[in-house]
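Heads up, the sequence shown is in the numbering used here, so the first residue is 112 and it goes up one at a time.
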Amino acid sequence: MASKNDVAADSCAFMADSIEDPNYLYLHNLICSILNCFFIFPCIIGNVLVIMAICKTPSLQTSSNSLVLALASSDLAVGVIAQPALSAWRLSQIASDLKVGCVVGVLAENVGWLLAGVSLFVITAISCERFLALHLHLRYNNIVTRRRLAKVVLCFWFTWAIIIILRFFVVNMSILRIIAIIFLAITSLIMFVAYIMIYKLVRKHQMQIRQQCFIIIRSETSKVIDMTRYKRSTLTMLYILGFFLLCYFPFFTVMVVEIAVGVTLKTKAAYLYTVTTVYVNSALNPVIYCWRLREMRLAVRKLVNINTNFTENENNISLTHTKRLQAIQTQKSASLLMH
Numbered sequence: 112m113a114s115k116n117d118v119a120a121d122s123c124a125f126m127a128d129s130i131e132d133p134n135y136l137y138l139h140n141l142i143c144s145i146l147n148c149f150f151i152f153p154c155i156i157g158n159v160l161v162i163m164a165i166c167k168t169p170s171l172q173t174s175s176n177s178l179v180l181a182l183a184s185s186d187l188a189v190g191v192i193a194q195p196a197l198s199a200w201r202l203s204q205i206a207s208d209l210k211v212g213c214v215v216g217v218l219a220e221n222v223g224w225l226l227a228g229v230s231l232f233v234i235t236a237i238s239c240e241r242f243l244a245l246h247l248h249l250r251y252n253n254i255v256t257r258r259r260l261a262k263v264v265l266c267f268w269f270t271w272a273i274i275i276i277l278r279f280f281v282v283n284m285s286i287l288r289i290i291a292i293i294f295l296a297i298t299s300l301i302m303f304v305a306y307i308m309i310y311k312l313v314r315k316h317q318m319q320i321r322q323q324c325f326i327i328i329r330s331e332t333s334k335v336i337d338m339t340r341y342k343r344s345t346l347t348m349l350y351i352l353g354f355f356l357l358c359y360f361p362f363f364t365v366m367v368v369e370i371a372v373g374v375t376l377k378t379k380a381a382y383l384y385t386v387t388t389v390y391v392n393s394a395l396n397p398v399i400y401c402w403r404l405r406e407m408r409l410a411v412r413k414l415v416n417i418n419t420n421f422t423e424n425e426n427n428i429s430l431t432h433t434k435r436l437q438a439i440q441t442q443k444s445a446s447l448l449m450h
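Structure (C-alpha cells):
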C-alpha cells in the first residue's frame with residue numbers, strides 16, 4: 112500500500128523532494144511565511160503607485176520608463192501571486208496538508224521562477240537601453256520605441272514561460288538549475304559590458320564639453336542639462352541593478368550548491384530564505400524609483416494627495432457649512448434680543 116508521502120510525490124512530480132522531514136523545516140517555514148506576509152502589502156501598494164504614476168503622467172511615458180513599467184508589473188505579480196502562494200505552501204507544510212501543499216507549491220515554484228526570470232531580463236534590457244540612449248543620441252527616439260520594447264519583453268515572457276512549462280516534463284531538475292545559472296551568467300555579462308561602455312561614453316562626452324569654447328549658447332546649455340539628467344537616471348538604474356544582484360545572488364548560490372552536492376535539508380532551508388530575499392527585492396524597487404527619480408516621486412505624491420485632498424475638502428465643506436449655520440443662528444438670536 113502506498114504511503115501518504117508516496118501519493119503526494121506521484122501527484123506533485125518535481126515537488127516530490129519538498130515534503131520530506133517537515134519537523135526540521137518547521138521553524139524555517141514559519142519564519143519565511145511571516146516574512147513574506149509582512150512584505151506583501153508594501154510590494155503591492157508600492158508597485159501599484161508606480162504603475163499608476165507612469166500611466167497617468169504623460170511626461171513619464173518614455174521608452175526608458177516603459178521598461179520600469181514592465182519591471183513594476185512583474186514585481187506587482189510577485190506581491191499578488193508569488194508571495195501569498197509561497198506563504199500558503201510553507202504553512203501547509205507546517206500543517207502537514209500535502210494535498211494543499213502540492214497545489215500551492217506548484218503555483219509558488221512556477222510563478223516564482225517565471226517572475227524571477229522576467230525581472231532579470233527586464234533589468235538587463237534597462238542596461239542596454241541606457242547604453243543605446245547615449246550611443247544613438249538623436250536617433251534614439253526613432254529606433255528605441257515603446258512598442259518595440261514591449262514586443263521584446265512579451266517575446267521573453269513567452270519564451271521563459273515555455274521553459275518553465277518544460278519543468279513538468281523534465282525529470283532531472285538539475286537541468287533547469289543549469290539553464291538558470293547560464294542565463295544569469297550571460298545577462299550579468301551583458302549588464303557589466305553595457306555599464307562599462309556607458310562609463311566610457313560619459314567620460315568622452317565630458318571631455319568634449321570641457322574642450323568646447325567658453326561661449327555659452329542655449330543649445331550647449333541644454334546638452335549639459337540632458338547629460339546631467341541622463342547620468343542621474345543611469346545611476347538610479349545602477350542602484351536597482353545593485354539591489355537586484357544583492358537579493359538574487361544568494362538564491363543562485365544555493366542552486367549551484369544543489370547542483371554540486373545535491374538537495375539536502377540544509378539547502379532546502381537556505382532555499383526558503385533566499386527565495387524570500389528575492390521577493391523582498393520587489394518591494395524595494397518602488398522605494399528606489401521614488402528616492403532617485405524626482406519626477407516619479409512627484410507623480411506618486413500627487414496620486415496620494417488626490418485622496419488626501421478629497422478627504423480634506425469634504426471636511427472643509429462640512430466645517431464651512433457648520434460655521435454658516437452657527438452664524439445664522441447667532442444673527443437670529445441677536446435680532447430677537449434687539450426686538
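Positions of the beta carbon are idealized from the N, C-alpha and C atoms, including for glycine.
On a predicted model such as this, the values are computed, not experimentally measured, just so you know.
Reduced DSSP category for residue i - H, G, I as helix; E, B as strand; rest coil
i	result
Val-304	helix
Thr-298	helix
Gly-353	helix
Phe-152	helix
Gly-373	coil
Phe-363	helix
Thr-347	helix
Thr-168	coil
Thr-339	helix
Phe-279	helix
Cβ-based burial, residue i [other Cβ within 10 Å; buried from 16]
i	result
Gly-157	buried
Cys-401	buried
Met-302	buried
Leu-169	It should be pointed out that residue 169 corresponds to Pro in this sequence rather than to Leu. Exposed is the call here.
Thr-266	Looking at the sequence provided, one finds Cys at residue 266 rather than Thr. Cys-266 comes out exposed.
Asn-140	buried
Phe-362	buried
Tyr-390	buried
Thr-364	exposed
Ile-145	exposed
Ala-183	buried
Ile-254	exposed
Asn-416	exposed
Ser-333	Note that Ser-333 scores a pLDDT of 46, beneath 50, so its modelled location is shaky; the value from the coordinates is reported in the next line. Exposed.
Met-318	exposed
Ala-291	buried
Asn-176	buried
Ser-203	buried
Thr-385	buried
Cβ shell of residue i (< 8 angstroms), same chain only, five flanking positions each side left out
i	result
Leu-414	Leu-160, Met-163, Ala-164, Lys-167
Cys-358	Thr-388, Val-389, Val-391, Asn-392, Leu-395
Trp-271	Leu-225, Gly-228, Val-229, Phe-232
Spatial neighbours of residue i in its chain, beta-carbon cut-off 7 angstroms, leaving aside the 5 residues before and after
i	result
Val-368	Thr-378
Ser-330	The predicted model places Ser-330 with a pLDDT of 47, which falls under 50 and marks its position as unreliable; any figure quoted below should be read in that light. Answer for Ser-330: no residue qualifies.
Leu-312	Leu-245, His-246
Asn-147	Gln-194, Leu-197, Ser-198, Thr-387, Tyr-390
Val-189	Cys-154, Leu-226, Tyr-390, Ser-393
Ile-276	none
Leu-171	Ala-164, Ile-165, Glu-406, Met-407, Ala-410
Lys-210	none
Lys-342	Val-313
Trp-200	Gly-212, Val-215, Gly-216, Ala-219
Val-104	The structure shown does not extend to residue 104, since the chain is modelled only from 112 through 450, so no value can be given for it.
Element boundaries [alpha helix (DSSP H), containing residue i]
i	result
Ser-393	376 to 403
Cutoff 7 angstroms: residue i Cβ touching any chain B Cβ
i	result
Arg-259	Going by chain labels, chain B is absent from the structure shown, which holds only one protein chain.
Contacts around residue i, its chain only, beta-carbon distance under 6 angstroms, and the 5 residues preceding and following it disregarded
i	result
Ala-305	Ser-238, Cys-239, Phe-242
Ile-235	Sequence check: residue 235 is Thr here, not Ile. Correct list, in chain order: Thr-298, Ile-301, Met-302.
Leu-383	His-139, Cys-143
Exercise. Give, in chain order, every unbroken run of the alpha helix (DSSP H) that is at least 4 residues long and sits entirely within the segment 243 to 269.
Key: 251 to 254
Quiz item: In the segment 187 to 234, which residue ranges form an unbroken alpha helix (DSSP H) of at least 4 residues, counting only runs that do not cross its ends?
Solution: 194 to 205
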